[in-house]
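A quick write-up on the structure given underneath.
Number of protein chains: 2
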Amino acid sequence: MSTPTIADRLRGAGERVTGSRLMVADVLSADRPRTAEEVLRRLRRQDRRIGRATVFRTLDRFVEAGLARRLEMDGHVYGYVTCEPDHHHHLLCTSCGRVEPVPESYVSGLAERLLHDRGFVVDDARLDFYGGCSACVDAQA
Amino acid sequence: MSTPTIADRLRGAGERVTGSRLMVADVLSADRPRTAEEVLRRLRRQDRRIGRATVFRTLDRFVEAGLARRLEMDGHVYGYVTCEPDHHHHLLCTSCGRVEPVPESYVSGLAERLLHDRGFVVDDARLDFYGGCSACVDAQA
DNA sequence: GCGCTAGATGATACTCGGTATCGTCATGTG
DNA sequence: CACATGACGATACCGAGTATCATCTAGCGC
Numbered sequence: 000m001s002t003p004t005i006a007d008r009l010r011g012a013g014e015r016v017t018g019s020r021l022m023v024a025d026v027l028s029a030d031r032p033r034t035a036e037e038v039l040r041r042l043r044r045q046d047r048r049i050g051r052a053t054v055f056r057t058l059d060r061f062v063e064a065g066l067a068r069r070l071e072m073d074g075h076v077y078g079y080v081t082c083e084p085d086h087h088h089h090l091l092c093t094s095c096g097r098v099e100p101v102p103e104s105y106v107s108g109l110a111e112r113l114l115h116d117r118g119f120v121v122d123d124a125r126l127d128f129y130g131g132c133s134a135c136v137d138a139q140a
Numbered sequence: 000m001s002t003p004t005i006a007d008r009l010r011g012a013g014e015r016v017t018g019s020r021l022m023v024a025d026v027l028s029a030d031r032p033r034t035a036e037e038v039l040r041r042l043r044r045q046d047r048r049i050g051r052a053t054v055f056r057t058l059d060r061f062v063e064a065g066l067a068r069r070l071e072m073d074g075h076v077y078g079y080v081t082c083e084p085d086h087h088h089h090l091l092c093t094s095c096g097r098v099e100p101v102p103e104s105y106v107s108g109l110a111e112r113l114l115h116d117r118g119f120v121v122d123d124a125r126l127d128f129y130g131g132c133s134a135c136v137d138a139q140a
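Protein chains in written order, with numbering that gives the first Met the number 0: chain A, 0 to 140; chain B, 0 to 140.
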C-alpha cells in the first residue's frame with residue numbers, strides 16, 4: 000500500500016466512497032489547478048450527470064480530508080489540485096499555470112520552531128510559492 | 000524614516016494618496032483580519048461616505064502594493080490585515096482570531112533553496128500558519 | 001497658486017461563485 | 001438483506017465582488 004487509492008484515503012478520513020467523489024477525483028489534476036466550475040464543466044462534457052452543489056461539496060470535503068488543496072487564483076476564485084498524503088505545499092508557475100509539489104522537508108522544522116519560540120501550536124500550514132518554473136524561465140532567457 | 004507612513008508606502012508603490020485609501024488603512028488592523036464588508040460597515044458607521052466598490056478596489060491595491068495581506072477565512076471569504084514592509088507571513092489563531100506576524104527569518108533561505116534545487120524563481124510566497132496562539136493554548140490547559 | 005489630465009470615487013445595477021433546501025437514492029453496517 | 005445515515009441532483013437563492021459611468025481630485029507642469 001505504497002500508494003493508497005482515492006477510495007482508501009476517503010475511507011481513512013471517515014468519508015463515504017461514492018460515484019460522484021470518484022468522478023471528481025478523476026477530473027482533478029496534480030499539476031494544474033482547476034476551479035469548481037471547470038470540474039463541473041468537464042464532467043458534464045463527458046456526459047456524466049452530476050449536480051452543481053455536489054461538486055462544491057465534494058471539493059470542500061477533499062480539502063478537509065487532505066486529498067486536495069485550495070490555491071488562490073486570479074480573480075478571487077479558488078483552484079483545486081490533488082495532493083499526495085503529506086504533500087500539501089506547492090510551487091505555482093504564474094506563466095504556464097503548472098503546479099509542482101514542494102517537498103515536506105522545506106517546511107519541517109518551521110512548526111517546531113514556532114512552538115518553541117512563541118508557543119504557537121500549528122494545526123495547519125499553507126506554504127505556496129508563486130513565480131516561474133524552470134521550463135518557463137529557460138524559455139524566456 | 001524608520002517607519003514610513005501609509006502615504007509614503009503608497010507613493011513608493013506608484014499609487015496615488017487619496018482620502019479613501021487613508022480611511023481604509025485607518026480601519027484595517029495588524030492583528031485581526033477584517034473582511035471587505037467589515038471595513039465598509041465600520042467606515043459607514045463612522046458616518047464616512049465611501050463607496051462599496053472603492054473598498055474592494057482599495058483593498059486589492061493594498062495587497063498589490065504590499066500594504067496588506069489577504070488571508071483565507073472560513074466561509075470562502077477573504078480577510079485583510081495590514082503588513083509592515085517585508086512582513087508578509089502570519090500566524091492565525093483559529094481560536095481567538097488574532098494574527099501575529101511571522102519573522103521573515105523563518106522564510107529566508109527557502110526561496111534560494113528552491114532556485115538552487117529546482118530552478119524555480121520565486122516572485123511571491125504565501126506562508127500562513129493556522130493553529131492556537133500561546134494565550135489560547137494556555138487558557139485551555 | 002492655476003489649470004489640466006489621468007486616474008480615483010460613489011452610486012447602482014449586475015454577475016456568478018457558492019449555499020440552502022428538499023425529496024430521492026446509495027453506501028456501509030448489522 | 002434491510003435499514004439508517006448521509007450523499008445526491010435540481011433548483012432557487014444569496015451575497016461577495018465587478019462593470020459602468022458621470023463626477024471629482026491628486027499631482028504635475030507652468
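Virtual Cβ for every residue (Gly too), placed ideally from N, Cα, C.
Chain-ordered neighbours of residue i on chain B, where CB pairs are closer than 7 Å
{"i": "C132/A", "result": "F119"}
Closer than 8 Å at the beta carbon, the chain B residues around residue i
{"i": "Y187/A", "result": "No statement about residue 187/A is possible, as the shown extent of chain A runs from 0 to 140 and does not include it."}
{"i": "A64/A", "result": "Within chain B, no residue comes near A64/A; the closest Cβ sits about 17 Å away, beyond 8 Å."}
Under 9 Å by beta carbon: chain B residues contacting residue i
{"i": "V136/A", "result": "G118, F119, V120"}
{"i": "T93/A", "result": "D122, D123"}
Whether residue i touches residue j by CB criterion (8 Å)
{"i": "H89/A", "j": "V76/A", "result": "no"}
{"i": "F61/A", "j": "A67/A", "result": "yes"}
{"i": "L113/B", "j": "V121/B", "result": "yes"}
{"i": "V136/A", "j": "G108/B", "result": "no"}
{"i": "A64/A", "j": "E103/A", "result": "no"}
{"i": "A35/B", "j": "L58/B", "result": "yes"}
{"i": "V54/A", "j": "V38/A", "result": "yes"}
{"i": "R125/B", "j": "R125/A", "result": "yes"}
Bridge partner(s) assigned by DSSP for residue i
{"i": "T81/B", "result": "A67/B"}
{"i": "M72/B", "result": "V76/B"}
{"i": "R41/A", "result": "Answer is none; R41/A lacks a bridge partner."}
{"i": "R33/A", "result": "Y79/A"}
Interface partners of residue i on chain A, CB under 8 Å
{"i": "R31/B", "result": "Within chain A, no residue comes near R31/B; the closest Cβ sits about 16 Å away, beyond 8 Å."}
{"i": "Y129/B", "result": "V121, D122, D123, A124, R125"}
Interface residues of chain A facing residue i [CB-CB closer than 9 Å]
{"i": "L90/B", "result": "L113, R117, F119, V121"}
Any 3 or more C-beta pairs closer than 8 Å across the stretch 124-133 of chain A and the stretch 15-34 of chain B: no
Cβ contact (3+ pairs, closer than 8 Å) linking the stretch 33-52 of chain A and the stretch 0-16 of chain A: no
Runs of alpha helix (DSSP H) lying entirely within the stretch 83-135 of chain A, each at least 4 residues, in chain order: 109-117
The stretch 8-28 of chain A in contact with the stretch 77-91 of chain A per 3-pair CB rule at 8 Å: yes
Entirely enclosed alpha helix (DSSP H) segments - the stretch 2-31 of chain B, minimum 4 residues: 5-11, 18-26
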